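In the working numbering, the protein residues as written are 20 to 653. Note that CB positions come from ideal geometry on N, CA and C, so glycine has one too. The structure displayed is predicted, hence computed values, not measured ones.
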């Protein structure tokens, strides 16, 4: 049978038409679904996906504010910011941290310390997508090598940032303090918004006390990035508000002179402007290079500083607590006169020792044979211990504690000096609480010459001396002098809390000042050599503080005592006597006598401030004429 007789053309056409319709329907349904999905994505969910797209392409970056600068009173820059290039890694963008660090090690010199510091910061809490520095202070050659291999290191960037720099580091380290990397504890208490993008914070000194005003306000910028996270362009920017610049009372010239005078010795010098309370010099020697702490000090360098016998990290001016010795006598003289325990004419016989009773212990005078008959003027000029033993016992601890507290002892009286200690002003209650013992008359004897339990910092001694220079008017010590800008100083400087020390007889201030003047210019004054040939009149008091106790009949021989067990040399004073411009406290550790060691240092400071840096000689000459120099008093 022929093949054509079995072919049903109509049936095949109908089958083809049905298949065509099914395919067309399927295509239509798919096309409808695709159009519907496109409509949903492009119209209904347009804003959502635009945002998601921008998140991949556009990022918000914080812009850290430049830290405020710090100047001395003459406009000399003490703390600035300089650009430093560092290599950083963003963990969220790094493909294989170990491999990336290994590759960087082939390009750069990465030390074990760098790696340990990086790994420690990697484990600490941090903000998302925050860079973690691996190496600082890259050279031009290292930057060039990183640029060549940049495509091989996703998440690795060379970042330029402003880092704190101290041009006069060792001179100002203890006064200014320093900034350092924000640690875990600080991260918990700072404002995470304002410190976004900021890696440094004030750690000590002025840098810490005025952190808020020095830091400024963070800014932001929207940047377009590529797939590797590299910034292509800035789309929008809100500039940060830079920190305010500060001007201090500190005078770099006097600060440098103080360091030079103490060079090779351990000690501290604090100089204050009595009228304002401004700290002119705050020197602790030896010092250290604060720049090493900014980006992270090496273990080797830190160990060398922390294990040094000279303790360069220890701020002696603020935290050194020493027996004030005879430098406490001017304050005790004020207390004795105002409490009517003694008078200007009251005299005692000094045989070289003092006893509370006939069979009691002998408390010796520094002069073995004694001073004979002395009144208060003689006792101050010659530093007669016996006189002050007697008035101390008569006053008792309660009276001495009350007056000495008015001089700022036993507290941190400074307004803006971070880290200062309060010393120790003993009392009956203190001894009962700390030693479970009553206060004995012998304790008052020791307190009468600034020994025993009494401890004071050089800053406290300078503050008390400034109070005498001001004749009882308080000007609490401060470093901040001015803020460069519209912000008034009073906004950030704490308010003064001390009332003037008023005496029943205000002339007692002048009398005690004259006794201190006799120390410097009198025929028997302990510091008459330091005050000789001066074109101005100065007032002062020398002091010697024992490092260890001597037996009752044992003599002090500096030549036979190891250097670090020798007495500390102290001096407090101010100049000129009328209208004082500077008050100082000097301590030279294990320096021996205050008259031979500390007083000449103070004289050099007085001359530098009054003759070289401050007042003109002509005005000082007129001051001397108005005061009336006694012939033969030197």
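Starting from the C-beta of residue 446, find all residues in its chain whose C-beta is less than 7 Å away, skip the five residues before and the five after it, and write them out in chain order. Within the chain shown, numbered from 1, the residue matching residue 446 stands at position 427. Closer than 7 Å at Cβ, skipping near neighbours: 416 and 420.
Identified DSSP bridge partners for residue 100: Position 81 of the chain shown, counted from the first residue, corresponds to residue 100. BP columns for residue 100 point to 183.
Would you mind sorting residue 49 into buried or exposed? The rule is 16 or more other CB atoms within 10 Å of its CB. In the chain shown, counting from the first residue as 1, residue 49 sits at position 30. Looking at its Cβ environment, which holds fewer than 16 other Cβ atoms inside 10 Å, residue 49 is exposed.
Local conformation of residue 107 per DSSP, three classes: The residue given as residue 107 occupies position 88 in the chain shown. Three-state DSSP puts residue 107 in a strand.
At 4 residues or longer, and completely inside the stretch 414–486: list those alpha helix (DSSP H) runs for me, N to C. 447–454 and 460–466
Is it right to say residue 334 is buried, meaning 16 or more other beta carbons lie within 10 angstroms of its own, or is it exposed? Start at 1 with the first residue of the chain shown, and residue 334 comes out as number 315. With 16 or more Cβ atoms within 10 Å of its Cβ, residue 334 is classed as buried.
In DSSP terms, what residue 343 is bridged to: The residue you call residue 343 lines up with position 324 of the chain shown. DSSP, once it has assigned bridges, lists no residue as partnering residue 343.
Local conformation of residue 316 per DSSP, three classes: Here the question's residue 316 lines up with position 297 in the chain shown. Residue 316: coil per DSSP, three-state reduction.
For residue 266: DSSP bridge partner residues: The residue you call residue 266 lines up with position 247 of the chain shown. DSSP lists 90 and 501 as partners of residue 266.
Residue 33 versus residue 42 - alpha carbon distance: Position 14 of the chain shown, counted from the start, is the residue given in the question as residue 33. Position 23 of the chain shown, counted from the start, is the residue given in the question as residue 42. Rounded to the nearest angstrom, the two C-alpha atoms are 14 Å apart.
When DSSP labels each residue in this structure, what does residue 528 get in the three-state scheme? Here residue 528 is taken as the residue at index 509 of the chain shown, counted from 1. Three-state DSSP puts residue 528 in a helix.
Cutoff 6 Å; reference residue 9; Cβ partners in own chain excluding five residues on either side: Outside the shown range of the chain, which is 20 to 653, sits residue 9, and nothing can be said about it.
Any contact between the stretch 613–631 and the stretch 591–605? By contact I mean 3 or more CB pairs, one from each, below 8 Å. yes
How long is the line joining the alpha carbons of residue 311 and residue 187, rounded to whole angstroms? Here the question's residue 311 lines up with position 292 in the chain shown. Here the question's residue 187 lines up with position 168 in the chain shown. Each residue's alpha carbon lies about 13 Å from the other.
Close beta carbons around residue 331, own chain, < 8 Å, minus the five adjacent residues each side: If you number the chain shown from 1, residue 331 lands on position 312. If we look at residue 331 and ignore the five residues flanking it on each side, its Cβ neighbours are 305, 306, 307 and 324.
Identity of the residues DSSP links to residue 392 by a beta bridge: Residue mapping note: residue 392 aligns to position 373 of the chain shown, counting from 1. Answer by DSSP bridge pairing, in chain order: 368.
Member of 231, 181 and 228 whose CA lies at the smallest distance from the CA of residue 216: One-based indexing of the chain shown puts residue 216 at position 197. Among 231, 181 and 228, the Cα nearest to that of residue 216 is on 181.
Leaving aside the five residues before and after residue 608 along the sequence, list all residues of the same chain whose C-beta is less than 6 Å from its C-beta, in chain order. Numbered from 1 along the chain shown, position 589 holds the residue referred to as residue 608. The residues are 285, 286 and 587.
With DSSP collapsed to three states, give me the class of residue 301. Position 282 of the chain shown, counting from 1, holds the residue named residue 301. Reduced to three states, the DSSP call for residue 301 is strand.
Measuring CB atoms only, is the stretch 270–290 touching the stretch 458–475, in the sense that at least three cross pairs come out at less than 8 Å? no
Could you pull out every unbroken alpha helix (DSSP H) segment of at least 4 residues lying fully inside the stretch 115–180, listed in chain order? 116–126, 131–142 and 159–167
In its own chain, which residues sit with a C-beta less than 6 Å from the C-beta of residue 224, not counting the 5 before and 5 after it? Numbered from its first residue, the chain shown carries residue 224 at position 205. These residues qualify, in order along the chain: 195, 196 and 437.
Express the C-alpha separation of residue 82 and residue 610 in angstroms, rounding to a whole number. Within the chain shown, numbered from 1, the residue matching residue 610 stands at position 591. Within the chain shown, numbered from 1, the residue matching residue 82 stands at position 63. Their backbone Cα atoms lie some 52 Å apart in a straight line.
Beta-carbon proximity check, residue 550 vs residue 535, cutoff 8 Å: What you label residue 550 is simply residue 531 of the chain shown in a count that begins at 1. What you label residue 535 is simply residue 516 of the chain shown in a count that begins at 1. Going by C-beta atoms, residue 550 is not nearer than 8 Å to residue 535.
Per DSSP, what kind of secondary structure is residue 406 in: helix, strand or coil? For this step, residue 406 is matched to residue 387 along the chain shown. Helix at residue 406.
Burial state of residue 142 (16 or more Cβ within 10 Å): Against the chain shown, residue 142 aligns to sequence position 123. Its Cβ having fewer than 16 others within 10 Å, residue 142 is exposed.
What does residue 559 pair with, by DSSP beta-bridge criteria? Reading the chain shown from its first residue, position 540 is the one you call residue 559. DSSP output for residue 559 lists 592 as bridge partner(s).
Could you tell me whether the stretch 124–132 touches the stretch 161–168, using the rule of 3 or more Cβ pairs below 8 Å? yes
What is the DSSP secondary structure of residue 79, reduced to helix, strand or coil? Here residue 79 is taken as the residue at index 60 of the chain shown, counted from 1. Three-state result, residue 79: strand.
According to the neighbour-count rule (16 or more other Cβ atoms, all chains shown, within 10 Å of its Cβ), is residue 598 buried or exposed? Numbered from 1 along the chain shown, position 579 holds the residue referred to as residue 598. Its Cβ having fewer than 16 others within 10 Å, residue 598 is exposed.
Spatially closest choice to residue 4 from 134, 117, 154 and 529, by CA coordinates: The displayed coordinates of the chain run from 20 to 653. Any statement about residue 4 would go beyond what the structure contains.
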